[in-house]
Structure formats: C-alpha cells, structure tokens
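Novice:
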Amino acid sequence: MMGQDCLILTDAKLIREVLRKRPDSFVRAFNKDKLLSFSGVLATEGEEWKRHRRLGAPAFNAANAATMVPGDALVAKRFVRQLQKSVRQNDNRIVWEPRKSFLPAVFDCLCICVFGKDFRLVNPDDLPITDGSQGITEAIEDLTSGADHILTRVVHPVMARDRFPWNLHPMIKKFHSGVHRLSEFGEDLAAERRAEKESTSRVDLLSKLLQLNKEDLQGNLVTFFVAGSDTTALSMSWCLYYLCVYPDLQARARAEVDLLGHDPETSEDLDNLPFIGSCLIESIRLQPAFIALGHEAITEVSVGGKKVAPGTKVVTLLRKHLRSSAEGGSLFK
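Heads up: the sequence shown begins at 0 in numbering that gives the first Met the number 0, then just goes up one per residue.
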C-alpha cells in the first residue's frame with residue numbers, strides 16, 4: 000500500500016490480537032507521527048492514552064451520563080418539529096439528506112452536554128439566536144470538517160501542521176482555526192465556572208473537568224467534537240435508513256414508543272426502549288463509522304503465529320468482520 004508492506008486482517012481473533020498488543024507493539028497509524036495537533040484519548044497512545052482515559056472517565060460514569068439525556072431529548076423534539084416544518088413548507092414532500100440534517104442537532108446535543116450551553120442551532124420556533132452561537136457553530140464545523148480531511152486525505156504529518164505553505168490549504172486552515180476558537184471558548188467558560196460557587200452542581204462535561212490543565216482540557220474538548228459529531232450523525236442516518244427499508248421493524252419500534260406512552264426524556268425511559276436500542280446497535284454493526292482501523296507495528300511482533308516487521312502497516316477491516324456470518328451476516332435483523 001503506497002509502496003509499504005501492509006497486512007490486511009478480517010479474522011476476529013487476529014483483530015483482537017492486534018488491539019491487545021497496542022500500544023507496546025502497535026500504534027494507530029495517524030498517531031505514530033502525531034497527525035493530530037491536540038492531546039486526548041483519540042490522539043495519544045500508551046501511558047499518555049491511559050492518563051487521558053483516567054482524566055475523562057469520571058465525566059462519563061452512569062450517573063453523569065443519565066443527566067445528559069434530558070438535554071438530548073429537548074434537542075430531539077426540536078429536530079422533529081424542524082423536520083415537520085420543512086415538510087409543511089414544501090407541499091408535504093422534501094428531499095431529505097439525513098447526515099446533513101442531523102449535524103446541527105448533534106452539535107446542539109454536544110454543546111449542551113459538553114458546555115451546558117443551548118445555542119439552538121436547531122430552531123424550529125424561530126427563537127432569538129443565543130449570543131455567540133454563530134461563532135461557536137463555525138468553529139465546530141471548521142474543526143470537524145478539517146479533522147475529517149486530515150484523517151482521510153493527508154499522507155504526511157507535516158502537511159497537517161499550522162505552518163506555511165501547508166496552512167494555505169483551506170481545510171488545514173479551517174482545522175487549526177476551529178481548534179483555536181473552540182479551545183479559547185472552552186477555556187474562557189472554564190474560568191467562569193471555576194469562579195462560580197455553584198459550578199460543582201452543574202452536570203455538563205466541562206464542569207466535571209475543571210481540574211485539568213489548559214492543554215489537557217483543550218485536548219478533551221476537541222476530542223469530544225471530533226470523535227462525536229459526524230460519527231453520531233452517520234449512525235443515526237443509517238438506523239433510519241434500515242427502519243425505512245424494513246417497515247415491519249419500523250412498526251415494532253413505533254409500537255415500543257407508543258407503549259411507553261410519552262416522548263422519552265430520561266435515562267429510565269431509554270431503558271424501556273430495548274428494541275430501539277437494538278436497532279441502533281445493529282445499524283452500527285452493519286455500518287460502523289470507521290470501516291477499517293489502521294495500525295503500524297513499532298516492534299517486531301507476531302500476529303497469528305507469523306512475524307510482522309517494524310513499520311508494517313496493519314489494516315483491520317472492521318466492517319467486513321462485523322458483517323461476517325459469525326457476527327450476524329450482512330442483513331439488518
């Protein structure tokens with residue numbers, strides 16, 4: 000692959016073997032030469048990854064996760080009203096692009112969960128726009144689109160740096176601008192929260208991470224948006240696609256919500272929707288956000304009993320494995 004030795008894996012045991020041997024023998028390919036210019040669990044390996052995992056873990060415990068559900072439910076209701084409004088305004092028929100349509104809702108959910116700020120990017124009721132919403136929206140869009148470009152199209156780490164001539168590329172420029180503006184916003188907000196006596200009672204992720212230093216806080220905030228935006232929009236889009244393709248399963252999902260008797264608004268409500276949860280998991284199995292995971296051997300290592308030389312690229316075909324007969328096949332069921 001591109002003039003380099005490459006090992007392609009689809010077998011579940013071999014994929015697990017590679018993942019277990021990280022980070023001592025393998026690292027994620029984009030982290031070997033620090034393709035991404037921020038810290039956090041996405042962009043680090045080894046002990047540094049473990050440190051960031053420990054720093055962020057308390058914010059994602061079960062109790063904190065449950066407090067995020069009402070905010071997400073609020074955005075979901077607005078999203079439905081926005082979609083209904085669009086249909087009414089276009090003679091009850093629209094050409095709908097799910098991923099593009101979902102992104103503002105995902106950004107809203109992230110801003111509520113991460114910052115405790117509701118910018119109303121999905122605004123079916125035409126309420127006054129919150130101060131700063133335009134700037135933060137542009138920062139998030141620049142960050143996520145720039146990160147996607149770097150992860151999928153940049154072939155050498157130096158080309159992703161914020162220096163001439165590489166920063167003349169519009170996507171590289173967007174990425175670094177987004178990182179800077181989002182980090183600046185997060186740091187300013189963190190300073191406000193540290194000065195608040197009641198900040199410990201807040202439920203957003205930022206308020207749970209106030210003990211982090213500036214670099215660690217920046218890395219975690221950027222990671223939340225890079226790793227949690229497009230992936231979520233794609234997963235939701237595929238789930239709706241499959242429910243349209245299989246109307247009998249859609250009817251069963253609707254019946255489950257009808258049995259609940261109201262729009263789900265709490266973690267307990269979600270616990271009473273196991274079939275819908277299964278539909279989401281099944282759609283992710285068939286259409287994972289990353290169809291393959293790239294690694295690189297950093298030592299001589301054995302995979303499946305065969306030696307792999309340092310520098311060898313190892314690509315684990317995640318989607319192909321998840322669609323194997325052992326994992327359930329290629330049908331949504």
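For every residue, glycine included, the Cβ atom is placed at its ideal position computed from N, Cα and C. Note that this is a predicted model, so its numbers are computed, not measured.
1. Taking the continuous beta strand (DSSP E) assigned at residue 301, which residues delimit it?
2. Output the distance between the C-alpha atoms of residue 155 and residue 218, rounded to the nearest integer angstrom.
3. Using 10 angstroms around the beta-carbon of residue 86, count the other beta-carbons present and answer buried if the total reaches 16, otherwise exposed.
4. How long is the line joining the alpha carbons of residue 282 and residue 194, rounded to whole angstroms?
5. Which residues bound the alpha helix (DSSP H) around residue 315?
6. Measure the C-alpha to C-alpha separation of residue 227 and residue 102 and round it to an integer number of angstroms.
7. With 16 as the cutoff for other CB atoms within 10 Å, does residue 77 come out buried or exposed?
8. Just to confirm, is the Cβ distance from residue 265 to residue 68 under 8 Å?
9. Rounded to a whole number of angstroms, what is the C-alpha to C-alpha distance between residue 6 and residue 325?
10. What residue does the alpha helix (DSSP H) around residue 179 start on, and which one ends it?
11. From the DSSP output, read off the bridge partner residues of residue 27.
12. Starting from residue 20 and walking both ways along the beta strand (DSSP E), at which residues does that stretch end?
13. Identify, in the order they occur along the chain, each residue of the same chain with its Cβ nearer than 7 Å to the Cβ of residue 65, setting aside the five sequence neighbours on each side.
14. Which residue's Cα is closest to the Cα of residue 179: 286, 165 and 220?
15. Is the Cβ-Cβ distance between residue 41 and residue 222 less than 8 Å?
16. Which residue from 290, 291, 261 and 253 puts its Cα closest to that of residue 276?
Specialist: Well, looking at it:
1. To locate residue 301, count along the sequence shown from 1; it is residue 302. Boundaries of the beta strand (DSSP E) around residue 301: 300 to 302.
2. If you number the sequence shown from 1, residue 155 lands on position 156. If you number the sequence shown from 1, residue 218 lands on position 219. In this structure, the CA atom of residue 155 is about 21 Å from the CA atom of residue 218.
3. To locate residue 86, count along the sequence shown from 1; it is residue 87. Exposed: under 16 other Cβ atoms inside 10 Å.
4. What you label residue 282 is simply residue 283 of the sequence shown in a count that begins at 1. What you label residue 194 is simply residue 195 of the sequence shown in a count that begins at 1. Near 44 Å, if we compare the C-alpha coordinates of residue 194 and residue 282.
5. In the sequence shown, the residue the question calls residue 315 occupies position 316. Counting along the chain, residue 315 falls outside any alpha helix (DSSP H), though it belongs to the beta strand (DSSP E) covering 312 to 315.
6. As a position in the sequence shown, residue 227 is number 228, starting the count at 1. As a position in the sequence shown, residue 102 is number 103, starting the count at 1. Going from the Cα of residue 227 to the Cα of residue 102 covers about 10 Å.
7. By 1-based counting over the sequence shown, the position of residue 77 is 78. By the neighbour-count rule (16 or more Cβ atoms within 10 Å), residue 77 is buried.
8. Along the sequence shown, read from residue 1 onward, the residue named residue 265 stands at position 266. Along the sequence shown, read from residue 1 onward, the residue named residue 68 stands at position 69. A contact, by the Cβ cut-off of 8 Å.
9. Taking the sequence shown and counting its residues from 1, the one referred to as residue 6 is at position 7. Taking the sequence shown and counting its residues from 1, the one referred to as residue 325 is at position 326. Rounded to the nearest angstrom, the two C-alpha atoms are 22 Å apart.
10. Position 180 of the sequence shown, counting from 1, holds the residue named residue 179. Membership of residue 179 in the alpha helix (DSSP H) is indicated by the continuous run 169 to 194.
11. On the sequence shown, residue 27 is found 28 positions in, with the first residue counted as 1. Note: residue 27 sits in a beta bridge opposite 294.
12. For the purposes of this step, residue 20 is taken as residue 21 along the sequence shown, with counting starting at 1. In this chain, residue 20 is not harboured by any beta strand (DSSP E), its DSSP state being neither H nor E.
13. Start at 1 with the first residue of the sequence shown, and residue 65 comes out as number 66. Within its own chain, the residues whose Cβ lies closer than 7 Å to the Cβ of residue 65, once the five positions on either side in sequence are excluded, are 266, listed in chain order.
14. As a first step, residue 179 is located in the sequence shown; it is residue number 180 there, counting from the start. Nearest to residue 179 by C-alpha distance, out of 286, 165 and 220, is 220.
15. Position 42 of the sequence shown, counted from the start, is the residue given in the question as residue 41. Position 223 of the sequence shown, counted from the start, is the residue given in the question as residue 222. Yes, the pair counts as a contact, with Cβ atoms nearer than the cut-off.
16. For the purposes of this step, residue 276 is taken as the residue at position 277 of the sequence shown. Closest option to residue 276, Cα to Cα, is 253.
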